[in-house]
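What follows is a single structure, written as structure tokens, with notes after it.
Number of protein chains: 2
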Amino acid sequence: MPSIEPNRSRRSAASHTAILDAAVELVAEVGYARLSIEAIATRAGVGKQTIYRWWPSKGAVLLDAFLRKNTGDSENSPGLPDTGDLDADLKTVMRASIEELHDPAFEKPLRALTVAVLTDDALAEEYLRRFEAPTREVKKQRLRTAQESGQLPDDLDLDAALDAIFSPLTQRWLFRTGPLTADYADRMVEVALDGIRRTDSAISR
Amino acid sequence: MPSIEPNRSRRSAASHTAILDAAVELVAEVGYARLSIEAIATRAGVGKQTIYRWWPSKGAVLLDAFLRKNTGDSENSPGLPDTGDLDADLKTVMRASIEELHDPAFEKPLRALTVAVLTDDALAEEYLRRFEAPTREVKKQRLRTAQESGQLPDDLDLDAALDAIFSPLTQRWLFRTGPLTADYADRMVEVALDGIRRTDSAISR
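Protein chains in written order, with UniProt numbering: chain A, 1 to 205; chain B, 1 to 205.
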């Protein structure tokens with residue numbers, strides 16, 4: 001029966017896509033707390049058991065939905081921009097992140113996924129392995145290029161450097177402690193590169 | 001009936017305390033997702049209606065429980081340590097935060113409150129007003145002292161400075177991207193003060 005498997009596999013792929021689409025749409029509409037597997041199944045036109053066969057939780061569905069668009073795959077990623085000017089390239093990246101965060105269709109599912117990750121240890125482990133670690137590697141690659149051209153110290157702690165550059169924006173977004181503006185993106189890149197003791201000289205550079 | 005009101009008010013205060021205690025204990029045991037007003041009421045020995053009379057949600061109960069111990073009240077706060085050495089004082093504060101985060105009785109309720117804040121706009125507003133803003137003011141006061149003694153530029157953006165100093169630790173804690181160690185605390189203070197371009201000179205200073 002050679003024709004059955006391809007059909008089944010096509011149906012499977014279509015259900016898979018429908019489930020991820022439904023999860024992203026629904027979570028933007030009702031938020032994470034009110035998102036249910038049942039509602040995802042109804043919207044996707046599949047049975048609940050189909051979802052549970054592939055995913056252990058609604059958070060796991062959201063992670064796959066997110067990874068579909070943001071593979072975080074360092075081998076296939078285009079990488080960070082590299083014009084040779086580290087300051088400018090980091091500002092480009094931060095400004096692009098801010099634009100994405102202003103789009104509710106992106107922001108709401110990402111916030112929901114974040115909440116799931118903060119409360120589910122198994123999902124957190126998967127998130128770190130499948131998204132955070134490869135994304136970090138892509139960013140580190142840009143810092144290494146800057147090291148090679150003498151713009152950053154050779155023995156810089158790259159993890160500490162990435163934390164310094166990117167944490168403030170994530171933090172301000174999550175806790176809504178202030179507006180997410182291009183100015184803020186620029187300022188935080190300057191502060192991360194030159195430190196708060198020397199921020200002025202950084203700004204006027 | 002002058003004796004009735006004092007008794008009622010004493011009973012009220014006792015119930016209030018019992019509810020906050022129960023919420024903190026329970027959330028450390030079962031996590032935020034499985035925390036319910038019903039379970040808090042049972043543990044506190046009060047009716048559900050008593051809780052709903054005072055708080056709109058389990059997140060609001062957690063905020064009050066947290067504020068009870070960490071008032072974030074700039075007028076009554078002891079403030080940040082001030083030995084005259086900004087680097088050392090910030091490291092002291094960051095190391096103390098890390099110690100607290102290693103205590104599950106503190107960490108679990110704080111993580112639960114954070115999740116609640118990230119998903120509940122009304123609670124987020126209250127959290128910013130009652131905890132984040134006064135805490136920020138206490139920290140800014142320490143930076144102003146450093147400005148007065150010439151250790152920081154006069155026109156430093158204090159909010160950007162606080163984001164740079166404190167966000168990496170919060171981030172690493174929330175997403176579990178690495179170990180929370182005293183070394184990390186020291187490193188991130190040095191990076192925030194002197195920037196990743198100059199981290200080496202900062203370390204060897």
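Glycine included, C-beta positions come from ideal geometry on N, C-alpha and C.
It should be emphasised that the depicted structure is a prediction, and the values quoted were computed from it without experimental measurement.
- Counting along the chain, residue 97/A sits inside the alpha helix (DSSP H) bounded by residues 86-101.
- Boundaries of the alpha helix (DSSP H) harbouring residue 51/B: 48-54, taken from the DSSP string.
- Using a Cβ-Cβ cut-off of 7 Å, residue 196/A counts as an interface residue toward chain B, since at least one Cβ of chain B sits closer than that to its own.
- Taking C-beta atoms under 8 Å as the contact rule, residue 35/B and residue 27/B qualify, at a distance of about 5 Å.
- Between residue 164/A and chain B, the shortest Cβ-Cβ separation is below 7 Å.
- Annotation: the continuous alpha helix (DSSP H) that includes residue 59/A extends over 58-69.
- By a beta-carbon distance limit of 8 Å, residue 177/B does not contact residue 118/A. Their separation comes to about 12 Å.
- Fewer than three Cβ pairs drawn from the region 87-100 of chain A and the region 91-98 of chain B lie within less than 8 Å of each other, which leaves the two stretches out of contact.
- Not flagged as an interface residue toward chain B: residue 129/A, since no C-beta distance is shorter than 7 Å.
- Membership of residue 141/B in the alpha helix (DSSP H) is indicated by the continuous run 133-148.
- For residue 84/A, same chain residues with a beta-carbon under 8 Å away, outside a window of 5 residues either side, are 149 in chain order.
- Within the region 175-189 of chain A, contact with chain B at the beta-carbon level (separation under 9 Å) is assigned to 175, 176, 177, 178, 184, 187, 188.
- Counting only residues of its own chain and dropping the five nearest sequence neighbours on each side, residue 120/A has a CB closer than 6 Å to the CB of 59.
- Sequence-distant partners of residue 127/A (beyond 5 residues in either direction) whose C-beta falls short of 8 Å from its own C-beta, in its chain, are 63, 113, 117.
- At a cut-off of 7 Å between beta carbons, residue 192/B contacts chain A.
- By the 16-neighbour rule on beta-carbons within 10 angstroms, residue 9/B is exposed.
- Non-local C-beta neighbours of residue 185/B in its own chain, meaning closer than 8 Å and more than five positions away in sequence, comprise 91, 94, 95, 97, 98, 169, ordered along the chain.
- Looking from the CA of residue 50/A, the closest CA among 68/A, 14/A, 33/A, 24/A belongs to 14/A.
- Proximity of residue 134/B to chain A, defined by a Cβ-Cβ separation below 7 Å, is not satisfied.
- Our two residues, residue 52/B and residue 61/B, have alpha carbons roughly 10 Å apart in a direct line.
- A Cβ of chain A is located within less than 7 Å of the beta carbon of residue 167/B.
- Taking a beta-carbon distance threshold of 7 Å, residue 67/B does not count as an interface residue toward chain A.
- Cβ contact annotation for residue 139/A (same chain, cutoff 7 Å, sequence separation greater than five): 80, 162, in chain order.
- With its beta carbon at least 7 Å from every one in chain A, residue 147/B lies outside the interface.
- When the five nearest sequence neighbours on each side are left out, the beta carbons in the same chain lying within less than 6 Å of the beta carbon of residue 66/B are those of 113, in order along the chain.
- Under the Cβ distance rule, residue 32/B counts among the residues neighbouring chain A, one pair being separated by less than 7 Å.
- For residue 55/A, the number of other beta carbons within 10 angstroms of its own is at least 16, and it is reported as buried.
- Residue environment analysis places residue 192/A among the buried positions, since at least 16 neighbouring C-beta atoms fall within 10 angstroms of its C-beta.
- Proximity of residue 60/A to chain B, defined by a Cβ-Cβ separation below 7 Å, is not satisfied.
- The beta-carbon of residue 119/A is placed less than 7 Å from the nearest beta-carbon of chain B.
- For residue 165/A, the CB contacts under 7 Å within the same chain, skipping 5 residues up- and downstream, are 90, 189, 192 in chain order.
- When secondary structure is reduced to three states using DSSP, residue 171/B falls in the helix class.
- For the options 151/A, 25/A, 195/A, 107/A, the alpha carbon positioned closest to that of residue 160/B is the one of 195/A.
- In this model, residue 11/A and residue 33/A are separated by some 30 Å (Cα to Cα).
- With fewer than 16 other CB atoms across the displayed protein chains lying within 10 angstroms of its CB, residue 88/A is exposed.
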